[in-house]
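Student: Its first residue numbered 689, the sequence shown is counted upward by one per residue in my numbering.
Note that CB positions come from ideal geometry on N, CA and C, so glycine has one too.
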Amino acid sequence: MGFYFFAMLSRMKYITRWALMRNIRTENISEHTNDVAVLSHALAVLTNRRFGGNVDVTKCVLIALYHDAPEILTGDMPTPVKYYNSSIREAYKQVEKVSGEKLLSMLPQDLVDEYEPLIIDDGRWQEERLIVRAADKLSALIKCIEEQSQGNHEFDKARRSNEKAVRDMKLPAADCFLEEFLPSYKLTLDEQD
Numbered sequence: 689m690g691f692y693f694f695a696m697l698s699r700m701k702y703i704t705r706w707a708l709m710r711n712i713r714t715e716n717i718s719e720h721t722n723d724v725a726v727l728s729h730a731l732a733v734l735t736n737r738r739f740g741g742n743v744d745v746t747k748c749v750l751i752a753l754y755h756d757a758p759e760i761l762t763g764d765m766p767t768p769v770k771y772y773n774s775s776i777r778e779a780y781k782q783v784e785k786v787s788g789e790k791l792l793s794m795l796p797q798d799l800v801d802e803y804e805p806l807i808i809d810d811g812r813w814q815e816e817r818l819i820v821r822a823a824d825k826l827s828a829l830i831k832c833i834e835e836q837s838q839g840n841h842e843f844d845k846a847r848r849s850n851e852k853a854v855r856d857m858k859l860p861a862a863d864c865f866l867e868e869f870l871p872s873y874k875l876t877l878d879e880q881d
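Put into structure tokens, the structure is as follows:
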């Protein structure tokens, strides 16, 4: 019997994000996952170095690498639909959980316990998960900025919404990132010297 877990993960590159919006440049969940992992690492380091935190940087990055893995089977549900009301939100959480369990069933049994807490939120590592959620929102905010810089006003409301979501988290490292690092995403390559 073959095990399909890693082959399925490689399919992340085929799942497009922002499906309801006109995009200047399309983004897939593989690209998004990379961005979230890099941002999670940055937020975890900032948390520990500047704000007296004690989060596990490695766990943050690992959670980020697998945070959208269930979307391989479900697709990327647009945020306005996913969060339309509490019933849809709860139903979608169940769909994501079933999708995560299906992915885990594609691993040899002796590896499942290594991957399960990365794919299915079992209540552990809540500080690390908060950092990944902030990084996920920052990644969306950066996508909005990139689209706007190309003249795409389709992302204006999404930008405001994602920036508010990051600020509402009241996570010092995320606020720091907004102030110190986010402005550079508005610059051209030549301006970043």
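#1: Pick helix, strand or coil for Asn736, following the three-state DSSP scheme.
#2: Are Arg738 and Cys864 touching if we call contact CB-CB under 8 Å?
#3: What do you get for Lys747, buried or exposed, if any count of 16 or more other CB atoms within 10 angstroms of its CB means buried?
#4: Which class does Thr714 belong to by DSSP, given the choice of helix, strand or coil?
#5: Could you tell me which uninterrupted alpha helix (DSSP H) segments, each at least 4 residues in length, are contained entirely in the stretch 781-814, listed from first to last along the chain?
#6: Check Thr746 in the structure and name its three-state DSSP category.
#7: Taking only three categories from DSSP, how would you classify Thr704?
#8: Around the Cβ of His841, are there at least 16 other Cβ atoms within 10 angstroms (buried) or fewer (exposed)?
#9: With a cut-off of 8 Å on the beta carbons, I'd call Val743 and Glu816 a contact; round off their distance for me.
#10: Can you give me the C-alpha to C-alpha distance between Asn850 and Leu708, rounded to a whole angstrom?
#11: Is Glu759 near Ile717, with beta carbons less than 8 Å apart?
#12: Between which two residues does the alpha helix (DSSP H) containing Arg847 stretch?
#13: If you count every other CB in all the chains shown that lies within 10 Å of the CB of Asp756, and 16 or more means buried, which is it?
#14: What separation, rounded to the nearest whole angstrom, lies between the Cα atoms of Ala793 and Leu826?
#15: Please state whether DSSP places His729 in a helix, a strand or coil.
#16: Mind checking which residues open and close the alpha helix (DSSP H) that includes Thr762?
Tutor: Once the coordinates are examined:
#1: helix
#2: yes
#3: By the Cβ-count criterion, Lys747 is buried, with 16 or more other Cβ atoms from all chains shown falling within 10 Å of its own Cβ.
#4: In the three-state reduction of the DSSP assignment, Thr714 falls in the coil class, being assigned neither a helical nor a strand state.
#5: 797-807
#6: Here Thr746 sits in helix by DSSP.
#7: strand
#8: Exposed, by the Cβ-count rule.
#9: 6 Å
#10: 16 Å
#11: yes
#12: 844-856
#13: buried
#14: Ala is not the amino acid found at residue 793; the sequence shown has Ser there. Going by the C-alpha atoms only, they are around 31 Å apart.
#15: helix
#16: 759-762
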